[in-house]
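J.: Chains as they are written, first to last, in my numbering: chain A, 1 to 144; chain B, 1 to 144.
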DNA sequence: ATGTAACCGTTGCGATTGTAACTATCAAGC
DNA sequence: GCTTGATAGTTACAATCGCAACGGTTACAT
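1) Using a Cβ-Cβ cut-off of 9 Å, state whether residue 98 of chain A counts as contacting chain B.
2) Per DSSP, residue 96 of chain B forms a beta bridge with which residues?
3) Quick check on the DSSP output: the alpha helix (DSSP H) that includes residue 56 of chain A runs from which residue to which?
4) Examine chain A for any beta-carbon lying closer than 9 Å to the beta-carbon of residue 112 of chain B, and answer yes or no.
5) Going straight from the alpha carbon of residue 142 of chain A to that of residue 66 of chain A, what length do you get?
6) Sort A:140, A:108, A:57, A:8 by Cα distance to residue 32 of chain A and report the nearest one.
7) Does any residue of chain A bring its CB to less than 9 Å from the CB of residue 48 of chain B?
8) Any beta-carbon of chain B closer than 9 Å to the one on residue 56 of chain A?
9) Are there any heavy atoms of the ligand COA lying less than 8 Å away from the beta-carbon of residue 120 of chain B, as far as the coordinates show?
10) Looking only at C-alpha atoms, which of B:36, B:132, B:11 sits nearest to residue 25 of chain A?
11) Taking C-alpha atoms, which residue in B:53, B:44, B:16 lies nearest to residue 89 of chain B?
12) Do the stretch 34–52 of chain A and the stretch 39–57 of chain B touch if we need at least three Cβ pairs shorter than 8 Å?
13) Starting from residue 68 of chain B, trace the alpha helix (DSSP H) in both directions and tell me its first and last residue.
14) In angstroms with no decimal places, state the Cα-to-Cα distance between residue 131 of chain A and residue 134 of chain B.
15) Could you spell out where the alpha helix (DSSP H) holding residue 121 of chain A opens and where it closes?
16) Quick one: residues in its chain with C-beta nearer than 7 Å to the C-beta of residue 97 of chain B, no 5 flanking neighbours on either side, listed in chain order?
17) Anything in chain A within Cβ reach of residue 24 of chain B, meaning under 7 Å, just list it in chain order.
18) Are residue 44 of chain A and residue 14 of chain B close, meaning C-beta to C-beta below 9 Å?
19) Could you name the residues of the stretch 117–135 of chain B whose beta carbon sits closer than 9 Å to any beta carbon of chain A, in the order they occur along the chain?
20) 9 Å is my cut-off, CB to CB: does residue 4 of chain A come that close to chain B?
21) Can you tell which of A:59, A:18, A:28 has its C-alpha closest to the C-alpha of residue 176 of chain A?
22) Determine the direct distance from the alpha carbon of residue 23 of chain B to that of residue 116 of chain B, and round the result to whole angstroms.
23) Please report the straight-line C-alpha distance between residue 99 of chain B and residue 39 of chain A, rounded to a whole angstrom.
24) Would a check of beta-carbon distances place residue 21 of chain B closer than 9 Å to chain A?
25) Report the CB separation of residue 111 of chain A from residue 29 of chain A in whole angstroms; it is logged as a contact under 8 Å.
26) Would you please verify whether the beta carbon of residue 86 of chain A is less than 9 Å from any beta carbon of chain B?
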């Protein structure tokens, strides 16, 4: 008989924490901006690291290329994102935010900073940074 | 111009860590046991806390009731889970593992313990427990 | 007992997902 | 220039998801 504690099983605990945090943040931006979670993630990556191609985004963030392709279509329809055919490699498209996309991204980053602060409100600053560092260490543990 | 760092935005970092960890563990049990992630989560909750009803499971783990309903159907078809109509309240069904379900659950908990250990291999014991505690604190921050 | 409201779990539906196949483009060898 | 193999991104398909509606059961007030 093994002793096993589901609540302290790291993948389960991470899933629960991530699910709650994503859901909580979605409640803030979801209705107001009409974005799904995946759209949000794609938008933020483009806003933060763009212009970049879909495959670069896929490598960076680990998203599936179909997920990106479809999220970009939706963001393009909202006129928040533009695709410009790469002139070095015409298979790729550089993804960038439009003016409206940038404005919304700005607003969203403010909401994000506020939400992050509220989640970590009773954390010491050092605890918060060490938590983030630990999460990165765990991610690094896992082969692609 | 706000300064915002996606990599240190907690919901994003949590999502990434959870995704990698779930995917990594899925690579271990997925093929061998033929389980999806949601099936795994339902199975483990029944194994750890069963017998319990679907709604009790939903409250405990925060899963959607349709997710549970469908996962239970699949686990029942594998003869790993049994549903017994509650005799106090005949709307509910007590979910329990069958003999075979228990055997597989045992094997899976061992794999889970090994995987958890490998993820935390270069963590001090104290760091690991504090990480789990911090995750729970964050979850507690979020209203249902 | 009877009606009303609340609850449990299932199912239909539209939306979203990943896998696999596809088109288009590029790079390398000859 | 032409073929071969790899890569970028889209699309078809089946599976899964959450929402809403449903049938069946319970609790409670009248």
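In this text, a Cβ means the ideal position worked out from N, Cα and C, and glycines have one as well.
Because the structure is a prediction, the values reported are computed rather than measured.
T.: Looking at the coordinates:
1) Position 98 of the first chain, counted from the first residue, corresponds to residue 98 of chain A. No, because no Cβ of chain B sits closer than 9 Å to the Cβ of residue 98 of chain A.
2) Here the question's residue 96 of chain B lines up with position 96 in the second chain. Paired residue(s): B:82.
3) Start at 1 with the first residue of the first chain, and residue 56 of chain A comes out as number 56. 54–61 is the extent of the alpha helix (DSSP H) around residue 56 of chain A.
4) The residue labelled residue 112 of chain B in the question sits at position 112 within the second chain. Cβ-Cβ to chain A under 9 Å: yes for residue 112 of chain B.
5) Locating residue 142 of chain A in the first chain gives position 142, where the first residue counts as 1. Locating residue 66 of chain A in the first chain gives position 66, where the first residue counts as 1. Straight-line Cα distance between these residues: approximately 23 Å.
6) Within the first chain, residue 32 of chain A is the residue found at index 32, counting from 1. The shortest Cα separation from residue 32 of chain A among A:140, A:108, A:57, A:8 belongs to A:108.
7) The residue labelled residue 48 of chain B in the question sits at position 48 within the second chain. It does; some Cβ of chain A falls within 9 Å.
8) For the purposes of this step, residue 56 of chain A is identified with residue 56 of the first chain, where counting begins at 1. The beta carbon of residue 56 of chain A does not come within 9 Å of any beta carbon belonging to chain B, so the residue lies off that interface.
9) Absence of the ligand COA is noted for the structure shown, with no ligands found whatsoever.
10) In the first chain, the residue the question calls residue 25 of chain A occupies position 25. When each option's Cα is compared against that of residue 25 of chain A, the closest is B:11.
11) For the purposes of this step, residue 89 of chain B is taken as the residue at position 89 of the second chain. Out of B:53, B:44, B:16, B:53 has the C-alpha closest to the C-alpha of residue 89 of chain B.
12) no
13) Position 68 of the second chain holds residue 68 of chain B. Where residue 68 of chain B is concerned, the enclosing alpha helix (DSSP H) stretches over 65–77.
14) Translated into positions along the first chain, residue 131 of chain A becomes position 131. Translated into positions along the second chain, residue 134 of chain B becomes position 134. Whole-angstrom Cα-Cα distance: 8 Å.
15) Taking the first residue of the first chain as position 1, residue 121 of chain A is located at position 121. Note, residue 121 of chain A: premise wrong, no alpha helix (DSSP H); not H, not E.
16) Numbered from its first residue, the second chain carries residue 97 of chain B at position 97. Within the same chain, residue 97 of chain B has close Cβ partners 46, 47, 50, 80, 81, 105.
17) Sequence index remark: in the second chain, residue 24 of chain B carries index 24 (1-based). 142, listed in chain order.
18) The residue labelled residue 44 of chain A in the question sits at position 44 within the first chain. The residue labelled residue 14 of chain B in the question sits at position 14 within the second chain. For residue 44 of chain A and residue 14 of chain B, no; Cβs fall outside 9 Å.
19) Hits within the stretch, in order: 118, 119, 120, 121, 122, 123, 127, 128, 129, 130, 131, 132, 134, 135.
20) Counting from 1 along the first chain, the entry for residue 4 of chain A is found at position 4. It does: the Cβ of residue 4 of chain A has a partner Cβ on chain B nearer than 9 Å.
21) As displayed, chain A neither begins before 1 nor continues past 144, which places residue 176 of chain A out of reach and without an answer.
22) Stepping through the second chain from its first residue, residue 116 of chain B is reached at position 116. Stepping through the second chain from its first residue, residue 23 of chain B is reached at position 23. Taking the straight line from one Cα to the other gives about 13 Å.
23) Residue mapping note: residue 99 of chain B aligns to position 99 of the second chain, counting from 1. Residue mapping note: residue 39 of chain A aligns to position 39 of the first chain, counting from 1. Approximately 44 Å between the Cα atoms of the pair.
24) As a position in the second chain, residue 21 of chain B is number 21, starting the count at 1. Yes - at least one Cβ of chain A is within 9 Å of the one on residue 21 of chain B.
25) Your numbering for residue 111 of chain A matches position 111 in the first chain. Your numbering for residue 29 of chain A matches position 29 in the first chain. Contact flag correct, Cβ pair sits at about 6 Å.
26) Position 86 of the first chain, counting from 1, holds the residue named residue 86 of chain A. Taking Cβ atoms only, chain B never reaches closer than 9 Å to residue 86 of chain A, which makes this a no.
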